[in-house]
Amino acid sequence: MRPGLAVAIVVGLALGAAAVTAQILVPRVAEAYLARAVAGLVPEHEGVTVEVEGVSALSLLQGRLERVRLEVARPRVQGVAFAWLALRGEGVRLDVGELRERRLAIRDADNLVVEAAWTGEQLTAYVRSQLPDVTDVTVELLPSAVRVRGGVRVLGRSVQASSVGTVEPAGTTGFRFVPDAIEVEGVTLPEPLVFAAGALLAWHLDLSPLPFAVRIESIDVADGYVVAKGAWVPEG
Numbered sequence: 235m236r237p238g239l240a241v242a243i244v245v246g247l248a249l250g251a252a253a254v255t256a257q258i259l260v261p262r263v264a265e266a267y268l269a270r271a272v273a274g275l276v277p278e279h280e281g282v283t284v285e286v287e288g289v290s291a292l293s294l295l296q297g298r299l300e301r302v303r304l305e306v307a308r309p310r311v312q313g314v315a316f317a318w319l320a321l322r323g324e325g326v327r328l329d330v331g332e333l334r335e336r337r338l339a340i341r342d343a344d345n346l347v348v349e350a351a352w353t354g355e356q357l358t359a360y361v362r363s364q365l366p367d368v369t370d371v372t373v374e375l376l377p378s379a380v381r382v383r384g385g386v387r388v389l390g391r392s393v394q395a396s397s398v399g400t401v402e403p404a405g406t407t408g409f410r411f412v413p414d415a416i417e418v419e420g421v422t423l424p425e426p427l428v429f430a431a432g433a434l435l436a437w438h439l440d441l442s443p444l445p446f447a448v449r450i451e452s453i454d455v456a457d458g459y460v461v462a463k464g465a466w467v468p469e470g
């Protein structure tokens, strides 16, 4: 074998190995930077998971990610506990300067979905803070509905009330509990009284304190969670 050919083969193999290594390492580098940036946005959490696809050294330098999925486990934002917060998107463009400083600034995205979820226990703690005049509040998640129980005062008497209803978007950044049926001391109230009595156990949750703006599009109760989904809203 001629020396020149041997050198060419060695160089080719080295370049190929470098390319393969880059394909493996670049996504991991991107994920590490994003995990640190998200942890900076949401300091109270139990873990951050990041997965990126379709990223090269050049696209990373430009802040372009073909697909990205971020999930924060059991975060707490301004005193509100979540089961998880997640962002899933395509065609995401980041501010590279901010990313280098371990800060997450999303400039644009072709499609970016924000998801937030809560357990019944987490909503119980939240609703207790919202309804200080209701005693022993509990929030139970049914297969497709929500039950709220607590002690309320009616005509000067303390009685036990239970309301079953749904959750629905409220405005663009939150959701509210909407009662469908109410029992007081085990007696089901007639439908005309449900709306008026529902105010005793009414509550809502606003997501505007999240570190990224979101427009709520759906809210569901399933598998033991209340899950809100919405579209990321660009700043400004």
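Under this note's numbering, the first residue of the sequence shown is numbered 235, with each subsequent residue one higher. Heads up, the beta-carbon is just placed ideally off N, CA and C, and yes, glycines get one too.
Residue i, DSSP secondary structure in three states
i: P426; result: helix
i: E469; result: coil
i: P445; result: coil
i: S452; result: strand
i: P261; result: helix
i: V306; result: strand
i: A343; result: coil
i: G385; result: strand
i: E268; result: The residue you asked about is not Glu; residue 268 is Leu in the sequence shown. Of the three classes helix, strand and coil, the one that applies to L268 here is helix, per DSSP.
i: A431; result: helix
i: A273; result: helix
i: L321; result: strand
i: L299; result: strand
i: V326; result: strand
Beta-bridge pairing of residue i - partner residues as DSSP gives them
i: G331; result: The partner list for G331 (beta bridge, DSSP) is empty, contrary to what the question assumes.
i: Y459; result: A456
i: G464; result: V348, I450
i: L338; result: L338 is not bridged to any residue.
i: A315; result: R310
i: L375; result: V380
Range covered by the alpha helix (DSSP H) that runs through residue i
i: S392; result: Taken as a continuous stretch (DSSP letters only), S392 belongs to no alpha helix (DSSP H), being part of the beta strand (DSSP E) at 391-404.
i: A359; result: 354-364
Residue i: first and last residue of the uninterrupted beta strand (DSSP E) it sits in
i: V184; result: No answer is possible for residue 184: it lies beyond the span of the chain, which begins at 235 and ends at 470.
i: V418; result: 408-418
i: V368; result: Neither: V368 is in no beta strand (DSSP E) and is coded neither H nor E.
i: H279; result: Looking at the DSSP string, H279 is not in any beta strand (DSSP E), and its letter there is neither H nor E.
i: L439; result: 438-440
Residue i beta carbon near the ligand MN (any heavy atom closer than 7 angstroms)
i: P377; result: Within the structure as shown, the ligand MN is missing, as the structure has no ligands at all.
For this session: Count the C-beta pairs between the stretch 306-316 and the stretch 274-284 that are closer than 8 angstroms, then say yes if the count reaches three, no if not.
Result: Output reads yes: the stretch 274-284 touches the stretch 306-316.
Exercise. Should the stretch 431-443 be regarded as contacting the stretch 327-338, the criterion being three or more beta carbon pairs within less than 8 angstroms?
Worked result: no
For this session: Report yes or no: do three or more beta-carbon pairs, one from the stretch 316-332 and one from the stretch 398-415, lie closer than 8 angstroms?
Result: no
For this session: Could you tell me whether the stretch 346-355 touches the stretch 382-391, where touching means 3 or more Cβ pairs closer than 8 angstroms?
Result: No contact exists between the stretch 346-355 and the stretch 382-391.
For this session: Report yes or no: do three or more beta-carbon pairs, one from the stretch 361-379 and one from the stretch 391-404, lie closer than 8 angstroms?
Result: yes
Exercise. Any chance the stretch 287-301 sits against the stretch 310-317, with 3 or more Cβ pairs inside 8 angstroms?
Worked result: no
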